[in-house]
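**Q**
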Amino acid sequence: MKLEIRHIRILLTVIEESSIRRAAQRLGVPQPALSSQLSRIEQTLGHRLFDRSSNGVTLTRHGGRLLPHLRAIDAGMQALEHDDATKPRPHAGVRLGLSSTALMAALESDGKLPTRSAQFALVEGSSGLKALVNRALDFVETTRSSGSSLELPQRLRLADVGDVPIGVVIPPGHSLHDRGRVAVEDLRGQQWVSCMPETELHQELVRFGGRFGFQPDIRYFTASRAALVDMLAKRPMLAAGDPAGAAAVGGRFMPFGQGSALQVVVAWDPVACAPELVDELVVRIRDWYRAPDAIVVEFAES
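With positions in the sequence shown counted from 1, the corresponding number in the working numbering is that position plus 724.
#1: Grouping DSSP H, G and I as helix and E and B as strand, with all else coil, what is threonine 782?
#2: Let me make sure I understand the geometry here. Which of Phe936, Leu762, Arg789, Thr768 has the alpha-carbon closest to that of arginine 776?
#3: DSSP has leucine 846 in a bridge; who is on the other side?
#4: Is the distance from the Cβ of valine 1006 to the Cβ of valine 888 below 7 angstroms?
#5: Going by C-alpha to C-alpha distance, which of Val857, Leu794, Ile1009 sits closest to valine 995?
#6: Can you tell which of Ile890, Ala747, Trp916 has the C-alpha that lies nearest to the C-alpha of proline 960?
#7: Does the distance from the CB of leucine 773 to the CB of glycine 787 come in under 7 angstroms?
#8: Return the bridge partner residues of isoleucine 1019 from the DSSP annotation.
#9: How long is the line joining the alpha carbons of cysteine 997 and serine 778, rounded to whole angstroms?
#10: Would you decide whether serine 948 is buried or exposed? Buried here means 16 or more other CB atoms lie within 10 Å of its CB.
#11: Which runs of the alpha helix (DSSP H) fall wholly inside the stretch 986-1017 and span at least 4 residues, in chain order?
#12: With glutamate 928 as the anchor, note down where its beta strand (DSSP E) starts and where it stops.
#13: Would you mind giving the Cβ-Cβ distance between alanine 991 and leucine 827, rounded to the nearest angstrom? I have them listed as a contact below 8 angstroms.
#14: Quick check on glutamine 915: does DSSP put it in helix, strand or coil?
#15: Taking only three categories from DSSP, how would you classify serine 899?
#16: Once the 5 residues before and after arginine 912 are set aside, which same chain residues still bring their CB inside 8 angstroms of it?
#17: Assuming leucine 822 and leucine 837 make a contact with CB atoms under 8 angstroms, what is their CB distance in whole Å?
#18: Would you report the Cα separation of glutamate 684 and glycine 965, rounded to the nearest angstrom?
#19: Ordered along the chain, which non-local residues of its own chain (more than five positions away) have a Cβ less than 7 angstroms from that of glutamate 766?
#20: Of the residues Gly983, Pro896, Phe844, Thr866, which one's Cα is nearest the Cα of alanine 883?
#21: If you drop the 5 nearest sequence neighbours on each side, which residues of the same chain put their C-beta closer than 8 angstroms to that of serine 743?
#22: On the criterion of 16 or more Cβ atoms from any shown chain inside 10 Å, does histidine 793 qualify as buried, or is it exposed?
#23: Buried or exposed: glycine 770, going by 16 or more other Cβ atoms within 10 Å of its Cβ?
#24: Count the other CB atoms, across all protein chains shown, that sit within 10 Å of the CB of alanine 860; report buried if there are 16 or more and exposed otherwise.
#25: Excluding the 5 residues flanking leucine 853 on each side, which residues of the same chain have their C-beta closer than 8 angstroms to its C-beta?
#26: Can you tell me whether DSSP reads proline 812 as helix, strand or coil?
#27: Closest by CA to glutamine 914, which one among Gln927, His926, Ser899?
#28: Is glutamate 924 closer than 7 angstroms to serine 851 when the C-beta atoms are compared?
#29: Could you give the DSSP three-state label for arginine 730: helix, strand or coil?
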């Protein structure tokens, strides 16, 4: 086993927490896996670094001697990482990660935004934030469940754009499309297309069905919202979505109600994104989410 900086930071976390359990929670790994990792590190170094007990862990004599060197290595690496993070980027323009092709097209064609040299990427779920953390993107727009939290490195910035209602998208050609009012019984037995089970949209759909005692008959799953819109354009089935998705297919939108919504957020790297660009992007993205002209269908709960 070859020691890496991540191993040093694991040791420092355990030392700071004085507990393998608390260190595992902080690192986001299972406690047994962390215990095994510590044993392998100790074997590599040839010394036992911790005395373990029911009250936690304490440093052995060898561990105490090693501690100043661990801190010095970590401090040096943090200085290198900070220096790398503040260097000018080699790419020509800002790299934007967006969750919708329609939003991408709107920003790309907006003559008031300095995005002529920007690079655009279609991102879904947590992939955009991961790319931002890994410095593959500079600015990301994404959604999260209302009330949930996002943890990002301190070097990044995060801002709320607003809430977007979630409900039923009824595409053209569907038997319910021309209804001005839809009841629960109208939804039973209908065929649905859904985003993948781990997504917020799918979970909101399942919760909605649970509220009224029916299980949506999901025939197709799609890997992204963009693919969901494409599917609805070809197959007249119901789907969980937002007003923008309904407008994109020329459909109608019926809100789930009871606070079913997604929170639109943006995150960015202030080294790569000028403050005025971020301000303009936030305004344009907020306006875009408010603009969809989808006809809203009333939901009769009884």
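Cβ coordinates follow ideal geometry from the N, Cα and C atoms, glycine included.
On a predicted model such as this, the values are computed, not experimentally measured, just so you know.
**A** According to the structure data:
#1: If DSSP states are grouped into helix, strand and coil, threonine 782 belongs with the strands.
#2: Ranked by Cα distance from arginine 776, the options Phe936, Leu762, Arg789, Thr768 are led by Leu762.
#3: Leu822
#4: no
#5: Val857
#6: Trp916
#7: Closer than 7 angstroms, so yes.
#8: DSSP lists Arg976 as the bridge partner or partners of isoleucine 1019.
#9: 49 angstroms
#10: buried
#11: 999-1014
#12: First-last for glutamate 928: 924-935, but that is the alpha helix (DSSP H), not the beta strand (DSSP E).
#13: Contact check for alanine 991 and leucine 827: beta-carbon distance about 15 angstroms, past the 8 angstroms limit, so the pair fails to qualify.
#14: Glutamine 915 falls in the strand class under three-state DSSP.
#15: coil
#16: Phe938
#17: Going by Cβ atoms, the distance from leucine 822 to leucine 837 rounds to 13 angstroms, so no, they are not a contact pair.
#18: The structure shown does not extend to residue 684, since the chain is modelled only from 725 to 1026, so the question has no answer here.
#19: Arg772, Leu773
#20: Per the Cα distances, Thr866.
#21: Gly780, Val781
#22: exposed
#23: exposed
#24: exposed
#25: Val864, Thr866, Leu874, Leu876, Ala991
#26: For proline 812, the predicted model reports a pLDDT of 49, less than 50, meaning its position is unreliable; a value from the coordinates is still stated below. Of the three classes helix, strand and coil, the one that applies to proline 812 here is coil, per DSSP.
#27: Of Gln927, His926, Ser899, the residue nearest in Cα terms is Ser899.
#28: no
#29: helix
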